[in-house]
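In the UniProt record's numbering, the protein residues as written are 1 to 227.
No residue lacks a Cβ here, since even glycine has one placed at the ideal position from N, Cα and C.
First up is the structure itself, then whatever we jot down about it.
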């Protein structure tokens, strides 16, 4: 990573990249996003949704922990990555910067967060050298309406702390997610679990920092395989 002539971060893929490097790069990118334009665009979305419920509480996953998970997964450079509930896009952009992928996809329902992700991607594409990032695609809407876009995804990440649970305490998206993904795909959920009976096998669990508690407790990442 190096500074450009105007002090902006010019990013080249560094593997392994440190969490501090990635955080600095993300901070620089989001400083350049036009938040007023993003808010104006978000107000043009036609759907009416109550984004005040716990389901839409926004949290950001620990960058160092995410890099550790990618190192553990060691995905193929031809794999496709998807982040469900991608917020303003920082996990998608991180994945695209530190690894080579066929494509990185973000799925987000909250309009302003979706627009901020698009804005950040526009910024990093403008200030970065050609081919410094894997291609990113940001989709707006509920996952249920975007199943076809997930059909070829190899690695799914879901910071699922606030995702709805069913009456048995499993993630409500379990069966829908299984129907969308191909056999052999990897799913990573954080702090909540999928329903094994929906067609998943639990490969392993990895613990790491929980930024929502200022490090007082750990987060647990569950790594699943689609059967």
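The residues 116, 119, 120, 123, in chain order, have a CB closer than 7 Å to that of residue 33 in the same chain once the five nearest residues on each side in sequence are set aside. The beta carbons of residue 152 and residue 226 sit no closer together than 8 Å.
Contact annotation, residue 191 with residue 213: C-beta distance approximately 11 Å; criterion of less than 8 Å not satisfied.
In the three-state reduction of the DSSP assignment, residue 175 falls in the helix class, which pools H, G and I.
When DSSP states are grouped into helix, strand and coil, residue 140 belongs to the strand group. The shortest C-alpha to C-alpha distance from residue 37 to any of 164, 171, 150, 111 is the one to 111.
Taking one beta carbon from each stretch, the segment 63-76 and the segment 91-99 have 3 or more pairs nearer than 8 Å; the two touch. Residue environment: residue 90 is assigned as buried (16 or more neighbouring CB atoms within 10 Å of its CB, all protein chains considered). At least 8 Å separates the beta-carbon of residue 204 from that of residue 154. In the DSSP assignment, residue 105 falls within the beta strand (DSSP E) that extends over 103-108.
Taking C-beta atoms as the reference points, residue 63 and residue 19 count as a pair closer than 8 Å. Residue nearest to residue 168 within the set 134, 198, 113, 79 is 198 (criterion: CA-CA distance). Where residue 209 is concerned, the enclosing beta strand (DSSP E) starts and stops at 200-209. Note on residue 106: 16 or more other CB atoms within 10 angstroms of its CB, so buried under the neighbour-count rule. The Cβ atoms of residue 170 and residue 194 sit closer than 8 Å to each other. In the DSSP assignment, residue 220 forms a beta bridge with 207.
Around the Cβ of residue 136, a 10 Å sphere holds 16 or more other Cβ atoms; the residue is buried. Residues of the same chain with a CB within less than 7 Å of the CB of residue 66, apart from the 5 flanking positions on each side, are 91, 94 in chain order. Under DSSP, residue 81 takes part in a beta bridge, and its partners are 104, 155.
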